[in-house]
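Numbering (my numbering), first residue to last: 2 to 578.
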């Protein structure tokens, strides 16, 4: 129902949101351009290397979802070039007991049966002062893809299990303290189809189970002065993601001159990712009806990211007389490890002031600095001699935001906004340049090796719009037009040999128009209508990627619309439908 917002879903943890055409592709080859927050914690994957996988929270007991379109670099920082999405959970209520329990049975066409259980309990501990809220859920989604080679059906079914526990305390005067734990685990036995097979089938030689487990811990302290509020929010996120991928066909192709398929009947890549984030943000803001409203803040993030990949060929040593054990673990062709610590610092502010009876101005900015390190090692039969590499990247900058609005009537506002956004750069994994066949492919790009690092990309957005409602009528209309100029785009380059890196490639522009209409023609009747036209295109040739000036940015629909009609009515007494 939000114009200008779309998404692509590449399976487990592979959902990527696109706002106003700021897209890095349909498969997450670069860091996300839309920031996703779970309450106060940013959960967008921003440091995982060639492939990004962001957590995908199951939406249970949610208060609202906020979609902030356009660059939000001032308040939300890196990764919010296209905009920001905030998932806001329901808070503990110290005023009353409450709860629900729900069970759902589902059936998937061409697939299996699934079920969904969810429950919530809200318990006041001291009326008006303290409460706890507990949520638990389990979802089993039926799959519809069959592995015809191994004879397994519905391999892409998945199970999601999790809970949320939150507590709050207030002295009903100045202090409010809230703490929460949110944890979720998602498992699946496989995903993906093979294009040359019958519909909804695959032929994988090995099972491909995958798991994504993450937990978010948050402590929020709120103190209210007579003139303002001071908010401290401290978060930690732990995450582990592991999966198995059938790479038999890939390695049989590149190694066929040395090892015939009978020696490599099965090859599997085992991938492990571990992430540990610490995030601290402090905000001080004015309150009350002031001619000038302001907000000041500080942000700090310390992230540790570890990845390991092993390429295993069961039975390889038995067929080759123990060849793999001469260079590493048994039946293992390659072992690669990488560490990617990242630190981000930022100071931000926003000021809004009344310029007269009908005019209001706004100015904001964010100064940022990040420091990125990279350390990798690789060994095994396919990496001889063993490789290792180190790289660092650091950068600082400033993203501004300017706004002006005119409200000739309380029910009408016209506005204009100019804003900037950015994503931090980083260092590339270079060990892959020694994979078999990689040097020949690198030569196609005019390179002798993988670039050590890549820089930040940035954009400027120009927006005008109107927000209105009809006098004495329950009709609301919002509309906006925008133009975005995006430069030094971070793009993922992948080679057939298995290596990949990120590089700054070219520029793009995105322009579009959006509208939202909500009407209440009757007391219990609601109509909505929304639409968007988005024209996002490259503005120069990118020969290395096979893309030309004028090509559309992938994963961005040109036209999108939606609508709804809702009738509210009483069924029995106070039970409403």
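Note that CB positions come from ideal geometry on N, CA and C, so glycine has one too.
Bear in mind that the values here come from a model prediction, so they are computed numbers and not experimental data.
| Query | Result |
| --- | --- |
| First and last residue of the uninterrupted beta strand (DSSP E) at residue 442 | It is not in any beta strand (DSSP E) - residue 442 instead sits in the alpha helix (DSSP H) that spans 439-445. |
| Proximity below 9 Å, CB of residue 36 to CB of residue 86 | yes |
| Residue 190 versus residue 8 - alpha carbon distance | 24 Å |
| Span separating the alpha-carbon of residue 455 from that of residue 491 | 8 Å |
| Beta-carbon gap between residue 242 and residue 273 smaller than 9 Å | yes |
| Close Cβ partners of residue 371 (< 7 Å) along its chain, the five nearest in sequence each way excluded | 343, 344, 345, 395, 396, 425 |
| Neighbourhood of residue 520 by C-beta distance below 6 Å, restricted to the same chain and skipping five residues each side | 476, 528 |
| Helix, strand or coil at residue 41 according to DSSP, with G and I counted as helix | coil |
| Check whether residue 434 and residue 450 have beta carbons under 9 Å apart | yes |
| For residue 486 and residue 104, the rounded distance between their alpha carbons | 47 Å |
| Reference residue 179, options 130, 136, 194, closest by Cα | 130 |
| Straight-line Cα distance separating residue 360 from residue 195 | 58 Å |
| Between the CA atoms of residue 202 and residue 320 - distance to the nearest angstrom | 31 Å |
| Cβ neighbours of residue 385 in the same chain (closer than 7 Å, five flanking residues each side left out) | 328 |
| Proximity to residue 350 [Cα-Cα], best of 459, 199, 78 | 78 |
| 3 or more residues per run - each beta strand (DSSP E) lying fully within the region 282-333 | 293-313 |
| Contacting residues, own chain, Cβ-Cβ under 6 Å from residue 205 (five flanking each side not counted) | 148, 247 |
| Option in 405, 423, 505, 269 with minimal Cα separation from residue 369 | 423 |
| Runs of beta strand (DSSP E) lying entirely within the region 464-541, each at least 3 residues, in chain order | 476-488, 491-495, 501-505, 508-523, 526-539 |
| Rounded C-alpha distance that separates residue 280 from residue 348 | 14 Å |
| Residue 122, DSSP secondary structure in three states | strand |
| Meets three-Cβ-pair contact criterion under 8 Å: the region 248-268 and the region 285-296 | no |
| Cβ-based burial, residue 155 [other Cβ within 10 Å; buried from 16] | buried |
| Local Cβ density within 10 Å of residue 215, reported as buried at 16 or more and exposed below that | buried |
| Meets three-Cβ-pair contact criterion under 8 Å: the region 90-110 and the region 164-179 | yes |
| C-beta atoms of residue 213 and residue 237 nearer than 9 Å | no |
| Stretch pair the region 329-338 + the region 65-82: three plus CB contacts closer than 8 Å | no |
| Residue 398 in three-state terms, based on DSSP | strand |
| Residue from 375, 121, 402 with nearest C-alpha to residue 453 | 375 |
| Alpha carbon of residue 5 to alpha carbon of residue 353, nearest angstrom | 26 Å |
| DSSP three-state assignment for residue 417, whether helix, strand or coil | strand |
| Cβ-Cβ distance between residue 284 and residue 75 below 9 Å | no |
| Buried versus exposed, by CB contacts within 10 Å (16 or more), residue 382 | buried |
| Sequence-distant residues of its chain with Cβ nearer than 6 Å to residue 56 (five each side left out) | 44, 215 |
| Residue closest to residue 312, alpha-carbon to alpha-carbon, out of 300, 331, 221 | 331 |
| Span of the alpha helix (DSSP H) around residue 74 | 74-77 |
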